[in-house]
Ligand code: PGA
């Protein structure tokens, strides 16, 4: 049975004090009843990871991820953060290939592929993001774009690697815009990705990969999205910065 997950991507938001307050807020409301079988992940700016991990040391419900890593293990890359550095902070996962990284920092599918290797080599899960632009959606060729991202990003990995790779479908036109893919649109893409996974690997592997939806997922639309067969949870941006909203989305996942 694949894992149901709600992950919050804080992006470049929160001061240190705001971040720690957010963690405290989540700790106080995320009880066994709210969380159930849902895997909860938060993704603070990397600068705060160490403190966040420390403050969650006795917490059984919240895992911690980073928003990015460099594709090399170490070296002369001023300002960058490597997967071994992140792993040494006892975090659990790394988001890779977020559309903002692709769009603003020129991240290619090939770079994402190397970053996923870095995550796995360092015993961290990878949350690999794919998704189309508005233009690609309107051209009708969006599934080709998404599958090309899957093909190149997952190049060289075998079935067992997929135990540690979570996929996130995030239509770029829905991120931070208030516009969400309809549950049907999202389900169609998720089913398409799962179909491709079953050809690329095998049916069992495809059935076990968690595929998250991201893009203006809010308490109001989460129940409908999570009711779909292939939507295993959400990657939440804006709404993850608010304790009540993020909790409501987790509850929606737990109850769906
Ligand atoms: P959003 O962001 O929920 O603010 O649309 C989602 C994401 O970028 O992961």
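Residue numbers (my numbering): 455 to 710.
No residue lacks a Cβ here, since even glycine has one placed at the ideal position from N, Cα and C.
Measuring CA to CA, which of the options is closest to residue i?
i: residue 638; options: 652, 546, 676; result: 676
i: residue 511; options: 534, 545, 626; result: 545
i: residue 616; options: 697, 479, 659; result: 659
i: residue 629; options: 564, 486, 588, 520; result: 588
i: residue 642; options: 679, 699, 674; result: 679
i: residue 614; options: 656, 592, 582; result: 656
i: residue 548; options: 582, 557, 529, 691; result: 582
i: residue 673; options: 478, 697, 682; result: 697
i: residue 551; options: 460, 487, 621; result: 621
i: residue 576; options: 557, 600, 538, 555; result: 538
i: residue 681; options: 667, 691, 625; result: 667
i: residue 527; options: 557, 569, 555; result: 569
i: residue 688; options: 467, 627, 496, 557; result: 496
Run the CB neighbour count on residue i, radius 10 Å, all protein chains shown included, and call it buried at 16 or more, exposed below.
i: residue 623; result: buried
i: residue 470; result: exposed
i: residue 559; result: exposed
i: residue 532; result: exposed
i: residue 670; result: buried
i: residue 553; result: buried
i: residue 651; result: buried
i: residue 525; result: buried
i: residue 567; result: buried
i: residue 686; result: buried
i: residue 632; result: exposed
i: residue 694; result: buried
i: residue 705; result: buried
i: residue 594; result: exposed
i: residue 610; result: exposed
i: residue 691; result: buried
i: residue 461; result: buried
Leaving out five residues before and five after residue i in sequence, what residues of the same chain have Cβ atoms less than 6 Å from its Cβ?
i: residue 457; result: 493, 664
i: residue 515; result: 484, 489, 494
i: residue 708; result: 490, 492
i: residue 596; result: 586, 590
i: residue 498; result: 464, 473, 506
Leaving out five residues before and five after residue i in sequence, what residues of the same chain have Cβ atoms less than 7 Å from its Cβ?
i: residue 604; result: 584, 647, 650
i: residue 618; result: 574, 579, 580
i: residue 513; result: 481
i: residue 606; result: 563, 564, 567
i: residue 625; result: 585, 586, 591, 635, 669
i: residue 561; result: 551, 555
Starting from the C-beta of residue i, find all residues in its chain whose C-beta is less than 8 Å away, skip the five residues before and the five after it, and write them out in chain order.
i: residue 503; result: 518, 520, 540, 543, 545
i: residue 535; result: 500, 520, 522, 523, 524
i: residue 602; result: 563
i: residue 509; result: 474, 477, 478, 481
Examine chain C for any beta-carbon lying closer than 8 Å to the beta-carbon of residue i, and answer yes or no.
i: residue 630; result: Chain labels in this structure do not include chain C; a single protein chain is all it has.
If you measure from the CB of residue i, is any heavy atom of the ligand ADP nearer than 7 Å?
i: residue 629; result: The ligand ADP is not part of the structure shown, which contains the ligand PGA as its ligands.
| message | To test your reading of the DSSP string, which unbroken alpha helix (DSSP H) runs of 4 or more residues are found completely within the region 554-634? | response | 563-575, 588-593, 596-607
4-residue-minimum alpha helix (DSSP H) runs that sit fully inside the region 515-561, ordered along the chain: 537-541, 553-559
3-residue-minimum beta strand (DSSP E) runs that sit fully inside the region 648-710, ordered along the chain: 665-668, 687-690
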